[in-house]
Amino acid sequence: MEDTIAAIATALGEGGIGIVRISGEESLPILKKIFIGKEIKNRVLTYGHIKETDTNQMIDEVMVVYMEKPHSYTTEDVVEIQCHGSIVSLRKILSLVLQSGARLAEPGEFTKRAFLGGRLDLSQAEAVIDLIRAKSDKTFDVALNQLEGKFSLEIKEIRSLLVDILVDITVNIDYPDEDIEEMTYEKLEKGLVQVKERIDRLLSTADTGRILKEGLSVAIIGKPNVGKSSLMNCLLRETRAIVTEIPGTTRDTIEEMVSIRNIPVKLVDTAGIRKTEDIIEKIGIEKSKDSFNKADLVIFVLDGSRDLEEEDEEILSVLMDKEAIVVINKSDLKQQISVEDLKKRLPKAKFIISSMKEGIGISEIEDDIEQRVFSGQVKQASSVMVTNVRHKHLLEQAESSVSDGLSMTKIHEPLEFIEIDINRCYEILGEIIGETASDDIINEVFARFCLGK
6 MEDTIAAIAT ALGEGGIGIV RISGEESLPI LKKIFIGKEI KNRVLTYGHI KETDTNQMID
66 EVMVVYMEKP HSYTTEDVVE IQCHGSIVSL RKILSLVLQS GARLAEPGEF TKRAFLGGRL
126 DLSQAEAVID LIRAKSDKTF DVALNQLEGK FSLEIKEIRS LLVDILVDIT VNIDYPDEDI
186 EEMTYEKLEK GLVQVKERID RLLSTADTGR ILKEGLSVAI IGKPNVGKSS LMNCLLRETR
246 AIVTEIPGTT RDTIEEMVSI RNIPVKLVDT AGIRKTEDII EKIGIEKSKD SFNKADLVIF
306 VLDGSRDLEE EDEEILSVLM DKEAIVVINK SDLKQQISVE DLKKRLPKAK FIISSMKEGI
366 GISEIEDDIE QRVFSGQVKQ ASSVMVTNVR HKHLLEQAES SVSDGLSMTK IHEPLEFIEI
426 DINRCYEILG EIIGETASDD IINEVFARFC LGK
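Here it is as structure tokens:
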């Protein structure tokens with residue numbers, strides 16, 4: 006028999022309601038020791054009070070619910086105690102539960118029991134933490150689809166194709182003289198191509214999936230007084246960065262999370278890049294360059310009313326290999342910069358004419374960010390998306406194995422050799438949903454969870 010576990014399931018701090026969750030065979034007996042109220046029935050919310058076991062002193066007014074196995078989150082008997090959202094009340098109730106026979110749950114242990122009980126596979130369990138940490142509606146929707154099993158179903162269907170191929174290969178190897186359909190290399194190649202295409206389709210969503218999960222890192226760079234801070238304020242829809250006519254106002258990087266078209270974006274407003282003797286400003290400029298190198302996307306802001314200067318040229322010289330949006334700001338003033346010449350120097354960049362003062366160009370910047378994240382194929386397939394680094398690495402290994410098998414098939418290598426790669430692909434995909442994952446991998450996955458989940 007597994008231990009009965011307990012933990013606070015809600016975030017610590019003040020709130021209207023706090024929940025203590027208990028899971029295991031002793032859940033109901035433990036509740037009965039500390040609860041005064043009406044008879045507790047399965048899946049019925051019951052009003053009452055939690056009391057000290059020794060003194061009968063009331064701890065809090067509560068609502069409790071008992072969920073009989075296997076129809077619960079963990080597939081075990083589960084009790085949830087809903088009390089007032091005071092950290093004092095929650096800790097006192099949890100302490101009573103632990104004194105009455107439960108032990109403190111490890112991080113993610115409730116979800117781990119749901120996985121071990123067969124209610125969730127491993128990728129669905131990982132989706133739980135993605136739901137909790139979702140930074141935008143789109144991120145939440147993708148995690149919810151994974152929790153509902155859409156990603157798992159895709160993996161299972163690919164593995165099913167591999168099983169069919171492996172069965173045909175095995176039969177042809179073990180029973181070559183029997184009256185069975187011959188596994189031709191043409192048929193084998195067709196099957197492996199289908200598998201490879203489906204894996205490649207999933208991998209094509211990985212970059213977008215990572216951005217949706219972690220956020221798109223966008224560095225706003227440029228020399229002082231070109232409108233970087235104004236741009237950040239416009240994208241945030243609030244005044245976050247100080248805007249003045251004095252050069253060097255921003256001396257450090259300012260980071261803020263914002264949702265742009267349902268895409269979580271980490272905006273980094275950097276210190277203006279210029280030569281300076283100010284020690285503090287120099288440190289800020291070095292941090293600006295570091296943000297530039299680490300960003301997924303760079304927004305380079307230029308003052309269109311002034312000719313290019315040395316600082317602009319320095320940034321232009323290192324912008325060639327970066328994903329970039331070039332914002333020609335201050336379009337409300339007489340323009341001095343030749344956009345056509347800049348386009349020749351940065352043929353891959355997107356150029357947007359703007360005026361932060363009048364709000365011109367902001368919508369175009371947001372459109373471009375959305376277009377970069379959701380390229381056509383990914384947007385259509387967004388219901389099944391790879392957001393997990395572990396899944397991506399395993400899919401890359403699976404793709405490598407099936408590609409090796411396909412290469413050998415094309416030159417008619419012995420089926421025994423091809424079978425090794427196909428079987429390896431099958432086993433790797435099984436790690437994603439937990440069917441072939443080791444205990445160490447499973448433990449590592451659940452160690453990332455918070456207490457109470």
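If you're matching positions, the sequence shown starts at 6 in this note's numbering and goes up one per residue. The C-beta atom is built at its ideal place from N, Cα and C for all residues, glycine as well.
Taking C-beta to C-beta, are Ile24 and Gln104 nearer than 8 angstroms? no
Strictly by DSSP, which residues pair up with His54? Ile41, Glu66
Under the three-state DSSP convention, the category Lys140 falls into: Coil.
Reduced DSSP category for Glu371 - H, G, I as helix; E, B as strand; rest coil: helix
Give the secondary structure of Glu7 by DSSP, where H, G and I count as helix, E and B as strand, and everything else as coil. coil
Per the DSSP calculation, Ala107 is bridged to which residue(s)? Partner(s): none; Ala107 has no beta bridge.
Under 8 angstroms between the Cβ atoms of Ile22 and Ile39? no
Could you round the C-beta distance between Leu127 and Val450 to whole angstroms and report it? I think they count as a contact, below 8 angstroms. 6 angstroms
Met72 by DSSP, collapsed to three states: which one? Residue state, collapsed to three classes: strand.
CB of Val84 within 8 angstroms of CB of Ser32, strictly: yes
Using the Cα positions of Asn267 and Ile178, report the straight-line distance between them to the nearest angstrom. 53 angstroms
Beta-carbon within less than 8 angstroms of Gln199's beta-carbon, same chain only, minus the 5 sequence neighbours each way: which residues are those? In its chain, beyond the 5 residues on either side, Leu166 have a beta carbon closer than 8 angstroms to the beta carbon of Gln199.
Going by Cα to Cα distance, which pick from Leu272, Val323, Ser360, Leu351 is closest to Lys339? Ser360
In angstroms, rounded to a whole number, what distance separates the CA positions of Ile365 and Ser94? One C-alpha to the other measures close to 53 angstroms.
How is Met262 classed by DSSP in three states: helix, strand or coil? strand
Am I right that Lys271 and Gly309 are in contact with their C-beta atoms under 8 angstroms? What's the rounded C-beta distance? Actually they do not touch by this definition, with Cβ atoms about 27 angstroms apart.
Whole-angstrom distance between Thr144 and Ala132, CA atom to CA atom: 11 angstroms
Please classify His396 as buried or exposed, where buried requires at least 16 neighbouring CB atoms within 10 angstroms. buried
Phe422 classed as buried or exposed, judged by whether at least 16 other C-beta atoms fall within 10 angstroms: exposed
Determine the extent of the beta strand (DSSP E) in which His417 is found, giving its start and end residues. Counting along the chain, His417 falls outside any beta strand (DSSP E), and DSSP gives it neither H nor E.
Does the distance from the CB of Thr210 to the CB of Phe379 come in under 8 angstroms? no
Going by alpha carbons, who is nearest to Glu19 out of Gly90, Ser77, Asp274, Glu30? Gly90
Expressed to the nearest angstrom, what Euclidean distance is found between the alpha-carbon atoms of Ile64 and Ser235? Approximately 53 angstroms between the Cα atoms of the pair.
Alpha carbon to alpha carbon, how far is Asp135 from Ile342? Cα to Cα, the separation comes out at about 45 angstroms.
Leaving out the 5 sequence neighbours to the left and right, which residues in its chain are closer than 7 angstroms to Phe348 when beta-carbon positions are compared? The question names Phe, but residue 348 is Lys in the sequence shown. Spatial neighbours of Lys348 in its own chain (CB-CB distance under 7 angstroms, excluding positions within 5 residues in sequence) are listed in chain order as Phe356.
Where does Lys415 land, buried or exposed, given buried means 16+ other C-beta within 10 angstroms? exposed
How about Ile35 and Gly106: do their beta carbons lie closer than 8 angstroms? yes
Return the first residue and the last residue of the alpha helix (DSSP H) that Leu193 is part of. 190-208 is the span of the alpha helix (DSSP H), which, as asked, contains Leu193.
From Glu3 to His398, what does the alpha carbon distance come to, in whole angstroms? The question about residue 3 has no answer, for the chain in this structure spans 6 to 458.
Using three-state DSSP, classify Asp146 as helix, strand or coil. helix
Alpha-carbon to alpha-carbon, Thr441 and Ile401: A small correction: the amino acid at residue 401 is Glu; Ile does not occupy that position in the sequence shown. Separation of Glu401 and Thr441 (C-alpha to C-alpha, rounded to the nearest whole angstrom) is 17 angstroms.
How many Å lie between Glu81 and Thr275 at the Cα? 52 angstroms
According to the Cβ coordinates, are Val147 and Ile27 closer than 8 angstroms? no
Nearest neighbour of Gln129, chosen from Asn150, Pro112, Ala110 [CA to CA]: Distance from the Cα of Gln129 is smallest, within the candidate group Asn150, Pro112, Ala110, for Asn150.
If you count every other CB in all the chains shown that lies within 10 Å of the CB of Met325, and 16 or more means buried, which is it? exposed
Roughly how many angstroms lie between the CA atoms of Glu219 and Pro269, to the nearest whole one? 8 angstroms
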